[in-house]
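What follows is one structure encoded as C-alpha cells, with my remarks underneath.
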Amino acid sequence: MRLTFQQLDIATEQFREKLGEGGFGSVFEGQLGDERIAVKRLDHAGHGEKEFLAEVHTIGSIHHINLVRLIGFCAEKSRRLLVYEYMAKGSLDRWIYCRHNSNAPLDWRTRCKIIANVAKGLSYLHEECTKRIVHLDIKPQNILLDENFNAKISDFGLCKLIDRDMSEVVTRMRGTPGYLAPEWLTSQITEKADVYSFGVVVMEIISGRKNLDTSQPEESIHLITLLEEKVKSDQLADLVDKQSDDMQVNKQEVIRMMRMAMWCLQIDCKKRPKMS
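FYI, the numbering for the sequence shown is 1 to 276, going by full-length UniProt numbering.
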C-alpha cells in the first residue's frame, strides 16, 4: 500500500513516539485507521525511486509468521519510509539483558519458543523465498516480539537480494560487531553468515548477557571466547542465565541448546548447519 508522507506524518503525530533506532533509520509508533503501526524512516536511502519500489515489492511479497509484515511504504522526493506491523513487546534485547530494567527474566519455554521462531524465519528467507535473502544483521535488536512473545525478524531484505543461482554475495562491510561471522574478513558471504549470527543470539538468550560486555571481568568480556573456554573445562553450566531459577532447573536441556549454538558458530562456514 502506497502512502503519502502527510498520511504518515499524521499517523505518527509528527514522528513523536520513537520506538528505536537501527542501521537503516529510526522507527516510530503510529496509528493507521484501527491498526497500530511502526514506521521506519530510512536514513540516506541511496536508491532512486525505481530501485526502492522494486525492493519494497520483494519485501512486501514475503509472508511468513516469523517475519515482520510490511504493510505499506512512502516514496516522495528523497523521502523513503516503510510501514510495518506493530510488535507490542518490542525488541528481544529489552528482554534478555534484563538486569538493566524491570522485566522479569524469561522462562526457558519462552526462550525456546523465541529461538525456534527465529530459526523458522531465517529458514524461510534462506530456502523458501523466490529470491534467496541473506539478512546479514541478525541480532536481538532486529528480533521483535508480539504480545505473546512470538518472535519475528525485522529489517530483512533491506540490504541485499540474491538471485537463487548466485551462491555468494560480495557486499560492503555491514552487520554488527560481535555478530559477524569470521568470513566477513574475506568478503565471501553466504547465508551461513546468518547461521553464525543466529548462534551468537542463541548464546545471548541462554546466558542473559550481551556477547560483548565490557562490564564483565576481562576474561569474560567476549561471550563466544568464554564459551570456548567453558567447553575445554567442561563447565558449560556456568553460562546458563543465573538470574532465572527456571533456566537453572532446566539446565540439561539448556546445555543441549548450547551445543546446537556451537554447531552454528563453527569457523568453517561449510560445517555450519542449514537453518532448516
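A virtual CB, placed ideally from N, CA and C, is assigned to each residue, including glycine. A quick note: this is a predicted structure, and the numbers were derived from the prediction, not measured.
query                                                                                                                                     : result
Quick one: what does DSSP say L106 is sitting in, helix, strand or coil?                                                                  : coil
Would you tell me roughly how many angstroms separate the C-alpha atoms of P140 and G33, rounded to the nearest one?                      : 30 Å
Do the region 95 to 115 and the region 24 to 44 meet, that is, are 3 or more Cβ pairs less than 8 Å apart?                                : no
Hey, how far is the Cα of Y86 from the Cα of G60?                                                                                         : 16 Å
Which of the three DSSP states, helix, strand or coil, is assigned to K120?                                                               : helix
If you draw a straight line from the alpha carbon of E147 to that of H222, how long is it in whole angstroms?                             : 32 Å
Give the DSSP bridge partners of E128, in chain order.                                                                                    : According to DSSP, which records beta bridges pairwise, E128 is partnered with nothing at all.
With a threshold of 16 other CB atoms inside 10 Å of the CB of L185, please say whether the residue is buried or exposed.                 : exposed
What span of residues does the alpha helix (DSSP H) with F5 cover, start to end?                                                          : 5 to 11
Helix, strand or coil: which one does DSSP assign to I189?                                                                                : strand
Roughly how many angstroms lie between the CA atoms of Q266 and T176, to the nearest whole one?                                           : 18 Å
Taking only the alpha-carbon atoms, compute the straight-line gap between K251 and Q188 and give it to the nearest angstrom.              : 37 Å
Excluding sequence positions up to five away, which residues of its chain have a Cβ less than 6 Å from the Cβ of A151?                    : I114, N117, V118, I143, L145
From G157 to V56, what distance separates their C-alpha atoms?                                                                            : 9 Å
Let me know if M1 comes out buried or exposed under the rule of 16 or more other beta-carbons within 10 Å of its beta-carbon.             : exposed
Under the three-state reduction of DSSP, which class applies to Y86: helix, strand or coil?                                               : coil
Would residue 298 and L239 qualify as a contact pair, given that the criterion is a beta-carbon distance under 9 Å?                       : Coverage of the chain is limited to positions 1 through 276, which leaves residue 298 absent and any answer about it impossible.
Per the contact definition of three or more C-beta pairs closer than 8 Å, is the region 124 to 137 in contact with the region 188 to 205? : yes
Nearest-angstrom Cα distance between V170 and T190?                                                                                       : Residue placement at V170 is flagged as unreliable, the pLDDT there being 42, under the threshold of 50; the coordinate-derived value follows with that caveat. Answer to the nearest angstrom: the Cα atoms are 9 Å apart.
For K152, list the residues DSSP reports as bridge partners.                                                                              : L144
Could you tell me how far apart the beta carbons of E219 and N211 are, in whole angstroms, since I believe they sit closer than 8 Å?      : Not quite, the Cβ-Cβ distance comes to about 15 Å (not below 8 Å), so this is no contact.
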